[in-house]
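In terms of UniProt numbering, the sequence shown opens at residue 1 and continues consecutively.
Here a beta-carbon is modelled for each residue, glycine too, at the ideal position from N, C-alpha and C.
Scroll down for the structure; my scribbles are underneath it.
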Amino acid sequence: MIDVLDRNAALAIAPELAEVFVSAFGYDEEPDGDRFATEQLPTHADRDGFKLVAARSEGTVVGFAYGFTGQRGQWWSDRVANAISPELAAEWIGGHFEVVELAVQVEAQGNGLGTALMEELMRDLPNRKALLTTWIDDRPAPRLYRRLGWQVLVPDLGWGSALYGLDRGMPVSH
Numbered sequence: 001m002i003d004v005l006d007r008n009a010a011l012a013i014a015p016e017l018a019e020v021f022v023s024a025f026g027y028d029e030e031p032d033g034d035r036f037a038t039e040q041l042p043t044h045a046d047r048d049g050f051k052l053v054a055a056r057s058e059g060t061v062v063g064f065a066y067g068f069t070g071q072r073g074q075w076w077s078d079r080v081a082n083a084i085s086p087e088l089a090a091e092w093i094g095g096h097f098e099v100v101e102l103a104v105q106v107e108a109q110g111n112g113l114g115t116a117l118m119e120e121l122m123r124d125l126p127n128r129k130a131l132l133t134t135w136i137d138d139r140p141a142p143r144l145y146r147r148l149g150w151q152v153l154v155p156d157l158g159w160g161s162a163l164y165g166l167d168r169g170m171p172v173s174h
């Protein structure tokens with residue numbers, strides 16, 4: 001079951017979300033679950049357009065995805081804008097939906113939960129365009145985003161991440 005959570009509901013389960021975060025990203029480098037729960041999530045939950053979706057299995061959170069409306073003057077939006085062409089930045093940065101995290105507990109991966117979370121996260125958003133960064137190599141996450149219609153806008157931003165965009169006003173081609 002996937003629930004859409006507002007700011008207060010998301011912050012109330014921040015420790016559970018942090019456990020999923022650590023499980024999902026623990027193979028890459030040591031993720032900081034405490035920082036996620038006490039700094040990253042609360043900061044992002046205060047942003048305009050914040051939306052978090054969480055999946056539970058037998059009462060336990062097993063996956064989540066969240067984002068908010070990105071604007072110039074925010075760290076990630078400015079970092080990306082400085083790494084891409086001015087034309088691309090003008091077209092995509094500002095007023096976009098910024099997908100910050102998609103995390104699925106290792107034991108729950110490979111069963112379509114990431115797809116379901118992303119579809120629910122993107123449902124009924126007012127933002128026409130959406131952006132995210134993910135790994136440049138061929139891992140499950142980039143394959144999932146491409147399957148859902150996301151386009152690679154910049155294959156390598158220079159820090160090991162690719163920039164993906166989704167223009168929700170355009171037809172999706174698979």
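Going straight from the alpha carbon of residue i to that of residue j, what length do you get?
i	j	result
ALA37	ALA108	21 Å
ARG56	GLU19	13 Å
MET1	LEU148	20 Å
LYS51	GLY73	20 Å
GLY114	LEU132	15 Å
PHE21	LEU88	31 Å
ASP46	GLU101	16 Å
ALA24	LEU17	10 Å
HIS174	TYR145	Because HIS174 sits at a pLDDT of 46, beneath the cut-off of 50, its placement in the model cannot be relied upon, and the point is left open.
ASP6	GLN71	20 Å
ASP32	ALA14	13 Å
LEU157	ILE84	7 Å
TRP150	ASP34	31 Å
VAL152	GLY26	25 Å
ASP124	ILE136	29 Å
GLY110	ILE93	32 Å
THR43	ASP138	31 Å
Count the other CB atoms within 10 Å of the CB of residue i; is the residue buried (16 or more) or exposed (fewer)?
i	result
MET118	buried
THR134	buried
VAL99	buried
ALA10	buried
ALA81	buried
TRP75	exposed
ALA65	buried
VAL154	buried
Who are residue i's beta bridge partners in DSSP?
i	result
LEU131	GLU98, GLY165
VAL154	LEU163
LEU5	LEU52
Write down the C-beta distance between residue i and residue j rounded to the nearest angstrom, noting that I regard them as a contact closer than 8 Å.
i	j	result
residue 184	GLY63	For residue 184 there is no data in the structure shown, the boundaries of the chain being 1 and 174.
ALA130	PHE97	4 Å
GLY95	THR60	At roughly 35 Å, the Cβ-Cβ gap does not stay under 8 Å, so GLY95 and THR60 are not in contact.
GLY160	ARG128	Actually they do not touch by this definition, with Cβ atoms about 28 Å apart.
Of all Cβ atoms in chain B, is any one closer than 8 Å to the Cβ of residue i?
i	result
ARG143	In the structure shown, chain B cannot be found, because there is only a single protein chain.
Inside the segment 36–114 only - beta strand (DSSP E) runs reaching at least 3 residues: 51–57, 60–70, 96–104
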